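*Asks:*
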Amino acid sequence: MGLVQGFGVTLKQMFRRRVTTEYPREKRPKPVRLHGRHVLNRYEDGMEKCIGCELCAGVCPARCIYVRGADNPPDAPVSPGERYGFVYEINYLRCIHCDLCVEACPTEAITETKLFDFSFTNRDDAIYTKRELLVDDEGRARRQPWELWHGEEDRHTSAWVRATASSGRADYEGRVGWSGELGFGVRAPERGQAAEGEAAGDPGPGEGGA
Ligand code: SF4
Ligand code: SF4
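When the letters of the sequence shown are read in order and numbered with our numbering, they come out as residues 1 to 210.
1) Between Leu-148, Gly-139, Gly-151, Pro-145, which lies nearest to Leu-40 when the distance is taken from Cα to Cα?
2) How should Glu-132 be labelled, buried or exposed, when 16 other C-beta atoms within 10 angstroms of its C-beta is the threshold for buried?
3) With DSSP as the reference, identify every bridge partner of Leu-134, one or two as the case may be.
4) Taking C-alpha atoms, which residue in Glu-152, Arg-142, Pro-106, Glu-153 lies nearest to Ala-57?
5) So what's Asp-71 in DSSP terms, helix, strand or just coil?
6) Can you tell me which of the three DSSP states Glu-103 falls into?
7) Indicate, with yes or no, if ligand 2 has a heavy atom lying under 7 Å from the CB of His-54.
8) Can you tell me whether Ala-109 is buried or exposed, with buried defined as 16 or more other CB within 10 angstroms of its CB?
9) Using the rule of at least 16 other Cβ atoms within 10 Å of the residue's Cβ for burial, across every protein chain shown, is Ala-210 buried or exposed?
10) Suppose the cutoff is 8 Å on Cβ atoms and the five residues either side in sequence are ignored; what does the same chain contact list for Lys-30 look like?
11) Residues in the same chain with beta-carbon distance under 8 Å from Thr-121, minus the five sequence neighbours each way, listed in chain order, please.
12) State the Cα-Cα distance for the pair Val-59 and Cys-53, rounded to the nearest angstrom.
13) Counting C-beta neighbours from all protein chains within 10 Å, is the total for Ile-51 16 or more, i.e. buried, or is it exposed?
14) Counting along the chain, where does the beta strand (DSSP E) carrying Gly-85 start and finish?
15) Rounded to whole angstroms, what's the CA-CA distance from Tyr-66 to Phe-15? Just pull it up for me.
16) In terms of DSSP beta bridges, what is Gly-185 paired with?
17) Does Gln-5 come out as helix, strand or coil in the three-state DSSP assignment?
18) Output the distance between the C-alpha atoms of Met-47 and Tyr-23, rounded to the nearest integer angstrom.
19) Which of the three DSSP states, helix, strand or coil, is assigned to Thr-10?
20) Considering Cα atoms alone, identify which of Pro-80, Val-102, Ser-79 is closest to Ile-90.
21) For Cys-56, report the span of its alpha helix (DSSP H) as first-last.
22) Report the option in Gly-183, Leu-148, Asp-125, Glu-26 whose CA atom is closest to the CA atom of Asp-136.
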């Protein structure tokens, strides 16, 4: 009788939904605000968003960001600002993925993907430089051989898109003024915002109120 009961338990389990996944072949969907491996973003025209201000390095509690800014060459500027991030490094042996660097960045240059599966065999690989961090021409993360990416984990990494300053002009009320992002274009309006040209009496950014 005990044997039959035992097989009964096994049989029942076979038809239950599994709560585990076949990691690393499969991964569970990540929460929207998961903090993973960083990327350095670029504008739609390819310019780098980082202006080398070092605020991210200053706020980092783990002291794992190293930034050195430099003046933009007048003939071939790297960013739209006066300066750009000439050297940019994150040491992933120390990063605690707190996201404070992302919060501090005034240009949304540094953001985080959903990737947290990476294993290093040497210290050099763990210290990401601009070569690894800067997004490619499609606006996607440059995937490294020691990282385990699945699908869209680097899609829409930049959830914090800069709103274009209205300079206090009333004409801009109800307008969507996101900056475009390389590979993704201009983000759709959020709830409560009107799309370009939909706001009542919208004069457009280059027209209207002085
Ligand atoms: S996520 Fe936190 S610990 Fe990691 S680099 Fe940014 S500020 Fe530093
Ligand atoms: S990533 Fe942002 S906060 Fe850090 S140096 Fe560049 S612009 Fe400044």
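Yeah, the Cβ is synthetic: ideal placement off N, Cα and C, and Gly gets one too. Treat the numbers as computed from the prediction; the structure is a model and nothing was measured.
*Replies:* Answer, in terms of the structure:
1) Sequence index remark: in the sequence shown, residue 40 carries index 40 (1-based). Closest by alpha carbon: Gly-139.
2) As a first step, residue 132 is located in the sequence shown; it is residue number 132 there, counting from the start. Looking at its Cβ environment, which holds 16 or more other Cβ atoms inside 10 Å, Glu-132 is buried.
3) Sequence index remark: in the sequence shown, residue 134 carries index 134 (1-based). Its beta-bridge partners are Leu-40.
4) Residue numbering aside, residue 57 sits at position 57 when the sequence shown is read from its first letter. Measuring from the Cα of Ala-57, the nearest candidate turns out to be Pro-106.
5) Here residue 71 refers to the residue found at position 71 of the sequence shown. It is a strand residue.
6) Locating residue 103 in the sequence shown gives position 103, counting from the first residue. Glu-103: helix per DSSP, three-state reduction.
7) Residue mapping note: residue 54 aligns to position 54 of the sequence shown, counting from 1. As written in the sequence, residue 54 is Glu, which differs from the His given in the question. At least one heavy atom of ligand 2 is nearer than 7 Å to the Cβ of Glu-54, so yes.
8) In the sequence shown, counting from the first residue as 1, residue 109 sits at position 109. With 16 or more Cβ atoms within 10 Å of its Cβ, Ala-109 is classed as buried.
9) As a first step, residue 210 must be located in the sequence shown, where it is residue number 210. A caution first: Ala-210 carries a pLDDT of 27, below 50, which makes its placement in the model too unreliable to give a value.
10) Walking along the sequence shown from the start, residue 30 turns up at place 30. Correct list, in chain order: Gly-36, Lys-114, Glu-153.
11) Your numbering for residue 121 matches position 121 in the sequence shown. Excluding residues within five positions, the ones whose Cβ falls inside 8 Å are Trp-146.
12) For the purposes of this step, residue 59 is identified with residue 59 of the sequence shown, where counting begins at 1. For the purposes of this step, residue 53 is identified with residue 53 of the sequence shown, where counting begins at 1. Between Val-59 and Cys-53, the C-alpha separation is close to 12 Å.
13) Within the sequence shown, residue 51 is the residue found at index 51, counting from 1. Buried, because 16 or more other Cβ atoms sit within 10 Å of the Cβ of Ile-51.
14) Indexing the sequence shown from 1 puts residue 85 at position 85. Note, Gly-85: beta strand (DSSP E), 83 to 91.
15) As a working mapping, residue 66 is identified with position 66 in the sequence shown. As a working mapping, residue 15 is identified with position 15 in the sequence shown. Using only the alpha carbons, I get a separation of about 52 Å.
16) The residue labelled residue 185 in the question sits at position 185 within the sequence shown. For Gly-185, which the question treats as bridged, DSSP gives the partners Glu-181.
17) Your numbering for residue 5 matches position 5 in the sequence shown. Gln-5: helix per DSSP, three-state reduction.
18) Translated into positions along the sequence shown, residue 47 becomes position 47. Translated into positions along the sequence shown, residue 23 becomes position 23. C-alpha separation (whole angstroms): 37 Å.
19) Position 10 of the sequence shown, counted from the first residue, corresponds to residue 10. Note: Thr-10 maps to helix in three-state DSSP.
20) Residue numbering aside, residue 90 sits at position 90 when the sequence shown is read from its first letter. Comparing Cα positions, the closest option is Val-102.
21) Within the sequence shown, residue 56 is the residue found at index 56, counting from 1. Taken as a continuous stretch (DSSP letters only), the alpha helix (DSSP H) holding Cys-56 covers 55 to 59.
22) In the sequence shown, residue 136 corresponds to position 136, counting from 1. Checked all of Gly-183, Leu-148, Asp-125, Glu-26; the closest Cα to Asp-136 is Gly-183.
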